[in-house]
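Sequence positions in the sequence shown follow this note's numbering and run 2 to 373. Beta carbons: idealized from backbone N, C-alpha and C, even for Gly.
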Amino acid sequence: DTGGLYEELRFVSDLYYADLYTGNGSFCNWDTDNDGRYAEWPYPEGHPQEDIVDMVPDVHVARLACMFKSEVRTMVDKIITYETTAAQSEWFNRMVVVGGDTFDKSIEGGTDYNEGEEATAKALEYMPQFIPVKLWTTLGNISLETIQTEIGKGCGFLYFCGHGSPKSWATHNNGDYKNWTGMYKNTEMTDLTNTGMSPFLIVGGCHNSEFDTAPKNLILGFLKEGFDYFEVNDTWFGSYYKYNYALECWSWVFVKVKGGAIGSTGSSGFGGVNVGDYNHDGIADCIQGLDGWFECEFFRLYNQENITILGQTYDQVLTGYVQNFPVDAYRYDAKILQTHILLGDPSLKIGGYEKKKKKAKRVTILGVAGMQ
Numbered sequence: 002d003t004g005g006l007y008e009e010l011r012f013v014s015d016l017y018y019a020d021l022y023t024g025n026g027s028f029c030n031w032d033t034d035n036d037g038r039y040a041e042w043p044y045p046e047g048h049p050q051e052d053i054v055d056m057v058p059d060v061h062v063a064r065l066a067c068m069f070k071s072e073v074r075t076m077v078d079k080i081i082t083y084e085t086t087a088a089q090s091e092w093f094n095r096m097v098v099v100g101g102d103t104f105d106k107s108i109e110g111g112t113d114y115n116e117g118e119e120a121t122a123k124a125l126e127y128m129p130q131f132i133p134v135k136l137w138t139t140l141g142n143i144s145l146e147t148i149q150t151e152i153g154k155g156c157g158f159l160y161f162c163g164h165g166s167p168k169s170w171a172t173h174n175n176g177d178y179k180n181w182t183g184m185y186k187n188t189e190m191t192d193l194t195n196t197g198m199s200p201f202l203i204v205g206g207c208h209n210s211e212f213d214t215a216p217k218n219l220i221l222g223f224l225k226e227g228f229d230y231f232e233v234n235d236t237w238f239g240s241y242y243k244y245n246y247a248l249e250c251w252s253w254v255f256v257k258v259k260g261g262a263i264g265s266t267g268s269s270g271f272g273g274v275n276v277g278d279y280n281h282d283g284i285a286d287c288i289q290g291l292d293g294w295f296e297c298e299f300f301r302l303y304n305q306e307n308i309t310i311l312g313q314t315y316d317q318v319l320t321g322y323v324q325n326f327p328v329d330a331y332r333y334d335a336k337i338l339q340t341h342i343l344l345g346d347p348s349l350k351i352g353g354y355e356k357k358k359k360k361a362k363r364v365t366i367l368g369v370a371g372m373q
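Right under this line is the structure:
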């Protein structure tokens with residue numbers, strides 16, 4: 002990023018650890034100019050790239066961001082329970098989606114899409130055999146209570162698409178961009194009642210998966226920015242409002258609680274969403290690139306390509322993005338890949354393993370007829 006109003010000069014990335022080699026087999030260290038800045042993008046735009054970054058994963062990398070032994074035990078128990086019971090369950094066949102109007106129509110160029118609903122509808126289109134549960138602003142049914150209730154019933158997949166931070170997610174009603182709706186905070190996740198019925202979670206929103214948040218950032222931010230840290234205006238966005246001082250990020254809290262999710266993916270930085278229909282093909286641009294394409298592609302690969310090991314599914318999304326978008330020429334496309342984080346076990350079998358049916362024992366009785 003160039004450090005603009007809603008940009009950041011640095012962000013955490015796990016793709017670095019998965020991208021070991023370039024296309025010709027040489028080691029890929031993301032710092033080809035050896036200046037200590039990794040995956041550095043040229044500024045001003047148009048200059049030659051400073052670091053050559055492959056961005057195609059060579060190994061499956063995901064993160065269980067546990068801080069305590071109790072969290073490790075919880076995750077181990079959740080994963081074992083999931084892989085041994087999900088395939089035989091009815092709850093897994095439900096898919097819950099949550100979305101609304103992410104951006105103001107004034108920037109759409111004449112259209113008025115509800116971006117969150119468009120993206121979640123596309124995801125449902127890829128999953129026709131799942132029972133759809135739509136929590137949308139246009140349906141008037143999106144609230145803390147309905148979110149908690151529907152997750153509590155259990156579901157195989159859960160997809161939030163809107164706005165985020167390390168400590169919350171929310172969206173807007175169409176035309177109302179001053180007030181939030183569907184606000185869902187980290188603190189509410191401990192009240193979830195879906196123990197043993199955990200979905201895989203995909204979240205569209207800024208910073209929901211920024212796993213390197215820490216309370217010390219509150220002090221560091223103030224020391225760096227002074228009182229501008231708390232300022233928001235047309236040219237400045239104080240870092241206080243990025244909430245990177247949260248104890249843990251939204252996506253990880255969702256995974257680590259006893260109910261919650263079995264795994265998640267989301268962004269560690271500002272997200273990117275196309276708006277309107279600027280290519281004039283009659284399809285909302287929000288599902289044709291950036292976060293919307295990335296998120297929906299996961300569902301397509303899982304259900305249509307039958308890629309059901311979590312790390313493989315996720316890495317194929319990354320690889321497909323490199324193949325379909327100009328990640329070497331357009332910094333936002335590169336950032337979509339670099340900011341996405343997978344939280345969970347990359348070897349997880351999505352949907353669990355089918356129990357092997359026991360073969361009926363064949364009993365043969367041998368006898369000898371009496372002789373006279």
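Grab the span of the beta strand (DSSP E) containing residue i for me, first residue to last.
{"i": "Thr266", "result": "Gly264 to Ser268"}
{"i": "Leu413", "result": "No statement about residue 413 is possible, as the shown extent of the chain runs from 2 to 373 and does not include it."}
{"i": "Phe201", "result": "Phe201 to Gly205"}
{"i": "Gly100", "result": "Arg95 to Gly100"}
Just how far apart, CA to CA, sit residue i and residue j?
{"i": "Ile288", "j": "Leu302", "result": "15 angstroms"}
{"i": "Glu8", "j": "Asp235", "result": "14 angstroms"}
{"i": "Lys79", "j": "Lys154", "result": "17 angstroms"}
{"i": "Asp334", "j": "Tyr44", "result": "16 angstroms"}
{"i": "Val73", "j": "Gly111", "result": "50 angstroms"}
{"i": "Leu219", "j": "Tyr246", "result": "5 angstroms"}
{"i": "Tyr185", "j": "Trp170", "result": "5 angstroms"}
{"i": "Gln149", "j": "Val254", "result": "15 angstroms"}
{"i": "Asp20", "j": "Glu41", "result": "15 angstroms"}
{"i": "Ile308", "j": "Gly206", "result": "25 angstroms"}
{"i": "Gly283", "j": "Lys135", "result": "23 angstroms"}
{"i": "Glu109", "j": "Met96", "result": "29 angstroms"}
{"i": "Thr82", "j": "Gly197", "result": "7 angstroms"}
{"i": "Val233", "j": "Leu6", "result": "10 angstroms"}
{"i": "Cys162", "j": "Pro200", "result": "16 angstroms"}
{"i": "Thr314", "j": "Gly345", "result": "13 angstroms"}
{"i": "Thr139", "j": "Asn175", "result": "8 angstroms"}
{"i": "Asn30", "j": "Cys297", "result": "30 angstroms"}
{"i": "His281", "j": "Asn275", "result": "13 angstroms"}
{"i": "Phe231", "j": "Pro216", "result": "16 angstroms"}
{"i": "Ile337", "j": "Thr147", "result": "30 angstroms"}
{"i": "Val99", "j": "Thr75", "result": "26 angstroms"}
{"i": "Arg11", "j": "Asp34", "result": "17 angstroms"}
Relative to the C-alpha of residue i, which candidate in the options has its C-alpha closest?
{"i": "Phe299", "options": "Ile284, Tyr160 and Met56", "result": "Tyr160"}
{"i": "Ala262", "options": "Leu193, Tyr354 and Gly24", "result": "Leu193"}
{"i": "Gly157", "options": "Leu140, Thr138, Thr139 and Leu202", "result": "Leu202"}
{"i": "Asn209", "options": "Pro167, Glu189, Lys70 and Gly283", "result": "Pro167"}
{"i": "Glu116", "options": "Leu343, Ile148 and His173", "result": "His173"}
{"i": "Ser14", "options": "Ser268, Phe295, Tyr322 and Lys357", "result": "Ser268"}
{"i": "Tyr322", "options": "His341, Pro347 and Gln305", "result": "His341"}
{"i": "Gly239", "options": "Leu221, Glu126 and Trp251", "result": "Leu221"}
{"i": "His164", "options": "Met190, Tyr22, Gly273 and Lys225", "result": "Gly273"}
{"i": "Lys123", "options": "Asp329, Asp286, Tyr331 and Gly345", "result": "Asp286"}
{"i": "Gly293", "options": "Glu84, Thr103 and Asp55", "result": "Thr103"}
{"i": "Lys106", "options": "Lys350, Gly277 and Met76", "result": "Gly277"}
{"i": "Leu319", "options": "Val57, Tyr17 and Phe12", "result": "Val57"}
{"i": "Ala66", "options": "Glu211, Asp59 and Leu311", "result": "Glu211"}
{"i": "His93", "options": "Arg64, Ile132 and Glu119", "result": "Looking at the sequence shown, residue 93 is not His but Phe. Nearest option by C-alpha distance: Ile132."}
{"i": "Gly227", "options": "Ala215, Thr214, Lys217 and Tyr241", "result": "Tyr241"}
{"i": "Asp36", "options": "Asn25, Ile53 and Thr23", "result": "Ile53"}
{"i": "Ala63", "options": "Pro347, Glu91, Ala88 and Ala87", "result": "Pro347"}
{"i": "Asp32", "options": "His48, Asp55, Asp59 and Ser144", "result": "Asp55"}
What would DSSP say about residue i, mapped onto helix, strand or coil?
{"i": "Ile220", "result": "helix"}
{"i": "Val323", "result": "helix"}
{"i": "Tyr22", "result": "strand"}
{"i": "Val60", "result": "coil"}
{"i": "Phe228", "result": "helix"}
{"i": "Lys356", "result": "coil"}
{"i": "Leu367", "result": "Bear in mind that a pLDDT of 49 at Leu367, under 50, signals an unreliable position, so the number given afterwards is only what the model happens to contain. Residue state, collapsed to three classes: coil."}
{"i": "Ser107", "result": "helix"}
Sorry if obvious, but does the Cβ on residue i come closer than 7 angstroms to a heavy atom of the ligand MG?
{"i": "Pro133", "result": "Within the structure as shown, the ligand MG is missing, as the structure has no ligands at all."}
Compare the C-beta of residue i against all C-beta atoms of chain B and say whether one is closer than 8 angstroms.
{"i": "Asp329", "result": "Chain labels in this structure do not include chain B; a single protein chain is all it has."}
Go to residue i, then tell me how far its alpha helix (DSSP H) extends in each direction, as first and last residue.
{"i": "Thr86", "result": "Lys70 to Thr86"}
{"i": "Ala19", "result": "Leu16 to Ala19"}
{"i": "Lys433", "result": "For residue 433 there is no data in the structure shown, the boundaries of the chain being 2 and 373."}
{"i": "Ser252", "result": "Trp251 to Lys257"}
Extract the residue ranges of the beta strand (DSSP E) inside the stretch 124-189, only unbroken runs of 3 or more that lie entirely within it. 132-137, 158-162, 164-166, 169-174 and 177-186
task = Could I get the ranges of all uninterrupted alpha helix (DSSP H) runs contained in the stretch 267-331, with 4 residues as the minimum, in chain order?
result = 291-304 and 311-325
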